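Residue numbers (the numbering used here): 23 to 404. Heads up, the beta-carbon is just placed ideally off N, CA and C, and yes, glycines get one too. Please read all numbers here as calculations on a predicted model, not as lab measurements. Written out below as structure tokens is the structure these notes cover.
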Amino acid sequence: MKKHYLREIVLLSAPLLLIVGIVLFVQIRRMRAPFINSNMPIRAAFFGADGEIVSIGIPAPAPGAGAASGATLARFNAKSGEKISEVSQNSMVLSPALSPDGHWLASLSLGAFGHYFLSLREVQNGFYERAPLDTGSKTVPRLVWNQKSSGLYLLDKNRAAFCGLNDVVLQSQNGWKQVFGNKFPEGATFSPDGEFVAFSSAPHTVEEIVPGPQTPAGRAFKTTLGYYEDAIKVCSWPDLKVVATFPGDGLGPPTFTPDGHSLLATACFKDGFSVVSAHIARFDLQTFKTRFVKIEADANSLFGMQNARFSPDGRVLVAMNSRISHSFYSAASGRLLSQSRELKAPPRNYWRENGDFSRDGRQFLSVWPEGIEIHDLWEMEP
23 MKKHYLREIV LLSAPLLLIV GIVLFVQIRR MRAPFINSNM PIRAAFFGAD
73 GEIVSIGIPA PAPGAGAASG ATLARFNAKS GEKISEVSQN SMVLSPALSP
123 DGHWLASLSL GAFGHYFLSL REVQNGFYER APLDTGSKTV PRLVWNQKSS
173 GLYLLDKNRA AFCGLNDVVL QSQNGWKQVF GNKFPEGATF SPDGEFVAFS
223 SAPHTVEEIV PGPQTPAGRA FKTTLGYYED AIKVCSWPDL KVVATFPGDG
273 LGPPTFTPDG HSLLATACFK DGFSVVSAHI ARFDLQTFKT RFVKIEADAN
323 SLFGMQNARF SPDGRVLVAM NSRISHSFYS AASGRLLSQS RELKAPPRNY
373 WRENGDFSRD GRQFLSVWPE GIEIHDLWEM EP
């Protein structure tokens with residue numbers, strides 16, 4: 023029988039953990055480069071093509087300036103941490119998204135009068151182009167690549183649009199289409215064949231207006247009833263017709279299994295605003311049935327379950343806990359496989375936007391102000 027192994031290496035320490043005959047190797051490395059310091063914190067990083075890591079650094083603002091106005095794109099060797107190249111640009115980098123083939127980095131930048139530009143950069147040779155984006159709103163759209171790296175899916179409030187690539191030239195989006203009532207779709211992911219896209223609706227607060235006793239007419243005030251997530255919806259691509267809906271509370275971003283037959287997501291059950299238990303939900307797209315597996319998580323580990331992420335092969339779930347460390351779980355059994363050491367607390371948005379699995383699911387990187395941390399996961403025969 024094939025076994026898995028767990029080894030956590032931090033500096034010179036290499037403790038070995040056995041869990042019911044299952045062992046998983048997790049080696050933790052740190053990458054640093056001369057420009058990764060307090061004056062150039064890493065904003066985001068991704069696994070690129072050909073064993074590379076693509077990072078985005080944000081320089082410190084100039085004296086008297088309110089915020090930094092530029093960014094630096096760097097490429098590193100994923101094994102050695104050696105810097106391969108570095109390019110600077112004057113515009114900001116918002117909602118960065120690396121194409122599935124690792125060759126193109128898309129992002130948004132803010133122009134005059136609050137207008138957004140969609141930017142596209144070829145990672146290896148630095149080719150750069152940007153085009154105006156007609157959003158009609160003040161929110162920052164989210165960018166999601168389609169499976170074939172031939173276009174971008176833009177999400178803005180309750181609308182969606184597609185921007186195609188034609189001979190490496192940006193085309194303007196083909197118009198916005200409403201996809202969800204008045205909820206903001208999050209966690210968009212494409213099926214392996216690129217024919218379907220799945221969304222999880224954003225967290226939202228349910229409130230009611232209650233008459234108050236302060237005036238004869240009754241002064242109205244709001245009472246919060248709860249904090250919920252609605253459902254995961256699966257739509258055909260590119261016509262965006264809903265083909266399946268899976269309701270639930272506390273559903274995290276979905277992930278398609280490699281065969282495209284199921285969706286995985288975390289489901290968090292709450293008592294008020296506190297998560298009291300977490301499960302792995304498997305939504306079968308053929309039978310439309312849902313199966314739940316409870317996650318073995320303590321109170322500290324329940325902290326980040328709604329933003330937990332699955333590996334591309336659907337076998338490992340990683341979440342951040344309240345002690346600012348990572349917890350790795352088996353997606354099949356919900357068992358805790360490993361925990362990384364505690365890290366210096368980053369800004370709140372770092373975990374949500376700064377983590378990426380390699381395409382084979384054997385590595386996970388996390389981004390912190392002081393550098394990039396890589397978790398190596400691999401299997402070994404006994």
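- Message: Quick check: what's the CA-CA separation for S141 versus D320?
- Response: The C-alpha of S141 lies about 42 angstroms from the C-alpha of D320.
- Task: Could you tell me the boundaries of the beta strand (DSSP E) in which N99 lies?
- Result: Where N99 is concerned, the enclosing beta strand (DSSP E) stretches over 93-99.
- Query: Grouping DSSP H, G and I as helix and E and B as strand, with all else coil, what is F342?
  - Reply: In the sequence on display, residue 342 carries Met and not Phe. Looking at M342 - three-state DSSP - the assignment turns out to be strand.
- Top-ranked residue by Cα proximity to T211, from T279, C185, L155: Ranking T279, C185, L155 by Cα distance to T211 puts T279 first.
- Nearest-angstrom Cβ-Cβ length linking S131 and L120, presumed shorter than 8 angstroms: Between L120 and S131 the Cβ distance is about 16 angstroms, and since that is not below 8 angstroms, they are no contact.
- Query: Taking C-alpha atoms, which residue in L176, E108, L155 lies nearest to V144?
  - Reply: The amino acid at residue 144 is misidentified as Val; the sequence shows Glu. Residue E108 is the option with its Cα nearest to E144.
- Item | 8 angstroms Cβ shell around T288 - same chain, five flanking residues per side excluded | Cβ neighbours of T288 beyond the five flanking positions: G272, L273, G274, A300, H301, I302, A303, I317, M327, Q328, A330, L339, A341.
- Query: What residues in its chain sit with their C-beta under 8 angstroms from that of G3, if we drop five residues either side in the sequence?
  - Reply: Since the first residue of the chain shown is 23 and the last is 404, residue 3 is not available in this structure.
- Message: Could you compute how far the alpha carbon of L285 sits from the alpha carbon of G356?
- Response: Near 16 angstroms, if we compare the C-alpha coordinates of G356 and L285.
- Item | Three-state secondary structure (DSSP) of K324 | Per the sequence shown, residue 324 should be read as Leu rather than Lys. It is helical.
- Continuous beta strand (DSSP E) stretch holding A319: start and end: Counting along the chain, no beta strand (DSSP E) covers A319, and no H or E run does either.
- Continuous beta strand (DSSP E) stretch holding P269: start and end: Counted as a single uninterrupted DSSP element, the beta strand (DSSP E) harbouring P269 occupies residues 264-269.
- Proximal residues to G479 (C-beta, below 7 angstroms), its chain only, five neighbours per side dropped: Residue 479 is absent from the structure shown; the chain starts at 23 and stops at 404.
- Extent of the continuous beta strand (DSSP E) run through F68: Note, F68: beta strand (DSSP E), 64-69.
- Separation of N99 from F305, as counted between CA atoms: Rounded to whole angstroms, the gap between the alpha carbons of F305 and N99 is 37 angstroms.
- Item | With 16 other Cβ atoms within 10 Å as the buried cut-off, status of G73 | With fewer than 16 Cβ atoms within 10 Å of its Cβ, G73 is classed as exposed.
- Message: Quick check on H137: buried or exposed, where buried means 16 or more other Cβ atoms within 10 Å of its Cβ?
- Response: Exposed: under 16 other Cβ atoms inside 10 Å.
- C-alpha distance - L359 paired with P154, whole-angstrom precision: Spanning the alpha carbons of L359 and P154 requires a straight line of approximately 46 angstroms.
- Query: Can you tell me whether DSSP reads H301 as helix, strand or coil?
  - Reply: It is a strand residue.
- Message: I need the boundaries of the beta strand (DSSP E) containing F291, first residue and last residue.
- Response: 284-293 is the extent of the beta strand (DSSP E) around F291.
- Query: In whole angstroms, what separates the C-alpha of K105 from that of E151?
  - Reply: Going from the Cα of K105 to the Cα of E151 covers about 24 angstroms.
- Message: Taking the straight line between their C-alpha atoms, what separation do you get for Q308 and W126?
- Response: One C-alpha to the other measures close to 34 angstroms.
- Query: What residues in its chain sit with their C-beta under 6 angstroms from that of S213, if we drop five residues either side in the sequence?
  - Reply: Only F278, G282 meet the Cβ criterion.
- Identify, in the order they occur along the chain, each residue of the same chain with its Cβ nearer than 8 angstroms to the Cβ of A67, setting aside the five sequence neighbours on each side. Hits under 8 angstroms: I75, V76, S77, I78, N376, D378, L387, V389, I394.
- Contacting residues, own chain, Cβ-Cβ under 8 angstroms from D261 (five flanking each side not counted): Here the set comprises nothing.
- Query: Secondary structure at F310, three-state DSSP: helix, strand or coil?
  - Reply: Correct three-state label for F310: coil.
- Task: Classify S102 as buried or exposed, calling it buried when 16 or more other Cβ atoms lie within 10 Å of its own Cβ.
- Result: Taking all protein chains in view, the Cβ of S102 is surrounded by fewer than 16 other Cβ atoms within 10 Å, so the residue is classified as exposed.
- Looking at the structure shown, is I394 part of a helix, part of a strand, or coil, going by DSSP? Here I394 carries a strand assignment [DSSP, helix/strand/coil].
- Item | Helix, strand or coil at Q111 according to DSSP, with G and I counted as helix | Looking at Q111 - three-state DSSP - the assignment turns out to be strand.
- Message: Closest to P269 by C-alpha separation, out of S222, S258, A93, would be which residue?
- Response: For the residues S222, S258, A93, the minimum Cα distance to P269 belongs to S222.
- For my contact list, F218 and S258 are in at a C-beta cut-off of 8 angstroms; report their separation, rounded to the angstrom. Contact holds; Cβ gap of about 6 angstroms.
- So R97 packs on G124, CB below 8 angstroms; how close in whole Å? Contact between R97 and G124 does not hold, since the beta-carbon distance rounds to 10 angstroms and is not under 8 angstroms.
- Query: Which residues in the same chain as G133 place their Cβ atom closer than 7 angstroms to its Cβ, once the five residues preceding and following it in sequence are excluded?
  - Reply: So the list reads F139, once near-sequence residues are dropped.
- Task: Determine the contact status of N168 and G92, defining contact as a CB-CB distance below 7 angstroms.
- Result: Against a cut-off of 7 angstroms, the Cβ pair of G92 and N168 comes out as no contact.
- N-terminal and C-terminal residue of the beta strand (DSSP E) that Q361 is part of: Annotation for Q361: the continuous beta strand (DSSP E) segment containing it runs 358-361.
- Query: Who pairs with V76 in a beta bridge, going by DSSP?
  - Reply: V76 pairs with F68, R97.
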